[in-house]
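The numbering used here numbers the first residue of the sequence shown as 90 and each following residue consecutively. Below is one structure; the comments refer to it alone.
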Amino acid sequence: MRALACSALPSFSCFCFFFIIFLFFFSALVLPPPYFYLYPFLLILLVGTPARAARIYISDRLAFRSRKTNTHAHGRELGWACDVT
């Protein structure tokens, strides 16, 4: 599951990158000259910010899941606040 999620992230970010480049050239052809340069910047904010947030959320969940299953040498689970001695 972890390998599947990690392998899907680079392809999604590459898709967003090329989609933004495509929209930059498309907006340069369609929109009038004073406004065409604003489109890609708005798209970076609208697409890039949720994509980055999703990437951070997925990596945090994967790190939490692996931290929850890793046990210390004394049998205590890492990542939990309770200390059983």
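Every residue gets a Cβ at the ideal spot worked out from N, C-alpha and C, and that includes glycine.
I believe residue i touches residue j by the beta-carbon criterion, under 8 Å. Please report the beta-carbon distance rounded to the nearest angstrom.
i           : j           : result
residue 136 : residue 109 : 7 Å
Can you list, in chain order, the residues of its chain with a C-beta nearer than 6 Å to that of residue i? Leave out the 5 residues immediately preceding and following it.
i           : result
residue 142 : none
In its own chain, which residues sit with a C-beta less than 8 Å from the C-beta of residue i, not counting the 5 before and 5 after it?
i           : result
residue 107 : none
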